[in-house]
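> Note that my numbering has the sequence shown beginning at -11, numbered continuously upward.
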Amino acid sequence: MTARKKPLLPGVAGLVLILILGILRLPSAVGPPAFLSLHGPEGKITLYAVGPAQWRVEAGSPQDQAFAEGVLDGLDAAPLLILRRAAAYGQLEALVGPQAKEADAWARERLAPVIARAWEALDAETRSRLEAYAAGVNTAWRMGIPMIRRLPSDPLARPWEPRDSLAVAVGLALAHPGWMEAEIAAALRRLPPAPRAALEDPRWSSATPAPDVARREAAWRAWAAVGVAPELGLFRTCQEDTGIRLHAMAAPVFPLPWRLIWVDDGVRLRWPGIPGALARIRQAEGAQLEPKPGPGDVLDALGELSVRVVRESGESPLWAWRGKDAWPRCAPPATPDREALLALTPEGWLQRRVHGMLGRWDGQLDAKSPSALVYEVWRWELIRTALGPAVGEENLRRLLARRPAERLRAAAQALWEAQGNEVRELKAMAYRRALAEIGRRYGDLHTIWEWGKAHAAPVRILGWPIRAEIPLGGDESAPWPTPVDPVRPFATAFWPALTVQRESQVILKIAPTPVWWRWP
């Protein structure tokens, strides 16, 4: 399948993002050097800049490799390191504002003993790599931060310490979906058998409820918004005829929240702040760290997670490295519900006019299309109208984060029928609610509605007062359909996409992520 060749970034917003991407590609005179030769803990290290935020590393030992990664993160990702460390120690509010106040309070109460216990339990080899990484970060910081990567003021105001990498790993731990799956399982018990069966995931039946789930979830959302924590599940991956695709799920912040480094003839995807990698791709072969269903609190297993990242291998009760053979085939999403919407009988003058517009619609989710906005808001209202009262708004948001929308719509219809209602009435009610919601937000003149106004991707540069929202379309028959954000129902985001094609070419793209890949 081929995406339609249409401009993705219109107007001033597009110029803003082009400027941002241009900053990432400025020559070495204003950014990190193109070539570095260093002495690590055990030998010589050579670093080559091969692309935006991409480096090739030549190192002779694991300790030297960790030192090199520390140097690169200190040079090229200092804002990310400072934000991630401040978050774990409950000082994020000083950097991003009052939206982090609750997350900071939770972190100060909950995380200090977690980090201390994880550090004490580490084996000597993992500690030595964390120490080498810290030495690398501090070496870079003594060299000075490139001005193009403005360093936000550090509330901790101290050099990087080895255990700070464990603090950064807390953000990765919060991306384990077990605690959210436990809440979903409890909510689904209140549903009749048919809709419950449509939404249950037996893989996560052993997930343990978190004692502080409300505060933990608030912290995860605050952290994820600024690139401190990735999205639940870490990755979306699939196989296709020309190779493999891997999307790293994290907030749309610049510098990019993930980093690529090249070692030998393979590429490794890293989370700045901790040495090691969370995914490896070599030609057509790949492996990634995945959440594993199991009992227990992921925070109590922080040390195990850190070892899996630093060593880039192995398995623990809640985390495991999986090869690409376990990845599904890439496949298009289910057929859109356009015909079901057109089959409804319009009620009132507004629905009659909108229905006429829908009848002329080509079915493409263009950013400028009013019909695309009606269609997408109607499909969202199908879910909210039926499932919302049954599970509550908070659990509905969790389901949107953890289940494909098609399954949610099927469950909504099954629940509606189990309650003795007709599905046609659900669709008609959702239509009325959709037009009322659109009218409240964008006015009653349907011809000026635009899908892109609701479906926008926020973009920000850490440490700089630059923010933009990029209106986006999304074609469900193309390789890059856009997702629905569970907090802002029609917003989307740019995700770093690592694509390997023809067994040799590795491409880094900034694009909306496919929604039809495996849900972790």
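Cβ atoms here follow ideal geometry from the backbone N, Cα and C, with glycine treated the same way.
1) Give the secondary structure of Gly284 by DSSP, where H, G and I count as helix, E and B as strand, and everything else as coil.
2) Just how far apart, CA to CA, sit Pro283 and Trp208?
3) For the region 278 to 360, which segments carrying the alpha helix (DSSP H) assignment without a break, of at least 4 residues, lie completely within its bounds, in sequence order?
4) If the criterion is Cβ atoms closer than 8 Å, does the pair Glu228 and Cys318 meet it?
5) Where do the ends of the alpha helix (DSSP H) carrying Ala75 lie?
6) Just checking, does the region 394 to 411 make contact with the region 373 to 382 on the three C-beta pairs under 8 Å criterion?
7) Quick check: the Cα distance between Ala66 and Val102, rounded to an integer number of angstroms?
8) What does Arg270 pair with, by DSSP beta-bridge criteria?
9) With three or more beta-carbon pairs closer than 8 Å as the criterion, would you say the region 197 to 212 touches the region 89 to 102?
10) Which of the three DSSP states is assigned to Thr225 in this structure?
11) Can you say whether Ala17 is buried or exposed, counting buried as having 16 or more other CB atoms within 10 angstroms of its CB?
12) Can you tell me which residues form a DSSP beta bridge with Phe55?
13) Return the Cβ separation of Ala186 and Arg395 in integer angstroms, given the expectation that the two are a contact with Cβ distance under 8 Å.
14) Which class does Gln42 belong to by DSSP, given the choice of helix, strand or coil?
15) Considering only C-alpha positions, which residue in the set Glu188, His164, Ala195 is nearest to Glu219?
16) Where does Gly376 sit, in a helix, a strand or coil, going by DSSP?
17) From Arg233 to Glu335, what distance separates their C-alpha atoms?
18) Can you tell me where the beta strand (DSSP E) holding Pro459 begins and where it ends?
19) Which partner residues does Arg412 have in the DSSP bridge list?
20) Going by other Cβ atoms of all chains shown within 10 Å of its Cβ, with 16 needed for buried, is Pro245 buried or exposed?
21) Using the three-state DSSP reduction, which class does Arg233 fall into: helix, strand or coil?
22) Which residues does DSSP pair with Ala47 in a beta bridge?
23) Tell me the DSSP bridge mates of Val447?
24) Just verifying my parser: in three-state terms, what is the DSSP assignment at Leu370?
Per the coordinate set shown:
1) Counting from one through the sequence shown, the residue named residue 284 turns up at place 296. Looking at Gly284 - three-state DSSP - the assignment turns out to be coil, as it is neither helix nor strand.
2) To locate residue 283, count along the sequence shown from 1; it is residue 295. To locate residue 208, count along the sequence shown from 1; it is residue 220. Those two C-alpha atoms are separated by around 20 Å.
3) 290 to 299, 326 to 330, 336 to 347
4) Within the sequence shown, numbered from 1, the residue matching residue 228 stands at position 240. Within the sequence shown, numbered from 1, the residue matching residue 318 stands at position 330. Taking 8 Å as the Cβ cut-off, Glu228 and Cys318 qualify as a contacting pair.
5) As a working note, residue 75 is residue 87 in the sequence shown. Residues 66 to 76.
6) yes
7) Taking the first residue of the sequence shown as position 1, residue 66 is located at position 78. Taking the first residue of the sequence shown as position 1, residue 102 is located at position 114. Those two C-alpha atoms are separated by around 24 Å.
8) The residue you call residue 270 lines up with position 282 of the sequence shown. For Arg270, which the question treats as bridged, DSSP gives the partners Glu273.
9) yes
10) By one-based count along the sequence shown, residue 225 stands at place 237. Note: Thr225 maps to strand in three-state DSSP.
11) Taking the sequence shown and counting its residues from 1, the one referred to as residue 17 is at position 29. Note that Ala17 scores a pLDDT of 34, beneath 50, so its modelled location is shaky; the value from the coordinates is reported in the next line. Classification for Ala17: exposed.
12) To locate residue 55, count along the sequence shown from 1; it is residue 67. Looking at the DSSP assignment, Phe55 forms no beta bridge with any residue, so it has no partner.
13) By one-based count along the sequence shown, residue 186 stands at place 198. By one-based count along the sequence shown, residue 395 stands at place 407. Sure, about 6 Å apart at Cβ, within 8 Å.
14) For the purposes of this step, residue 42 is taken as the residue at position 54 of the sequence shown. In the structure shown, Gln42 sits in a strand (DSSP, three-state: E or B).
15) To locate residue 219, count along the sequence shown from 1; it is residue 231. Closest by alpha carbon: His164.
16) Position 388 of the sequence shown, counted from the first residue, corresponds to residue 376. Three-state result, Gly376: helix.
17) On the sequence shown, residue 233 is found 245 positions in, with the first residue counted as 1. On the sequence shown, residue 335 is found 347 positions in, with the first residue counted as 1. Looking at the two C-alpha atoms, the distance is approximately 45 Å.
18) On the sequence shown, residue 459 is found 471 positions in, with the first residue counted as 1. From DSSP, the beta strand (DSSP E) with Pro459 extends over 455 to 459.
19) Here the question's residue 412 lines up with position 424 in the sequence shown. For Arg412, which the question treats as bridged, DSSP gives no partner whatsoever.
20) Here residue 245 is taken as the residue at index 257 of the sequence shown, counted from 1. Buried: at least 16 other Cβ atoms inside 10 Å.
21) Stepping through the sequence shown from its first residue, residue 233 is reached at position 245. Strand, per DSSP.
22) Within the sequence shown, residue 47 is the residue found at index 59, counting from 1. Note: Ala47 sits in a beta bridge opposite Ile33.
23) Position 459 of the sequence shown holds residue 447. In the DSSP output, where bridge partners are listed per residue, Val447 has Ala456.
24) In the sequence shown, the residue the question calls residue 370 occupies position 382. If DSSP states are grouped into helix, strand and coil, Leu370 belongs with the helices.
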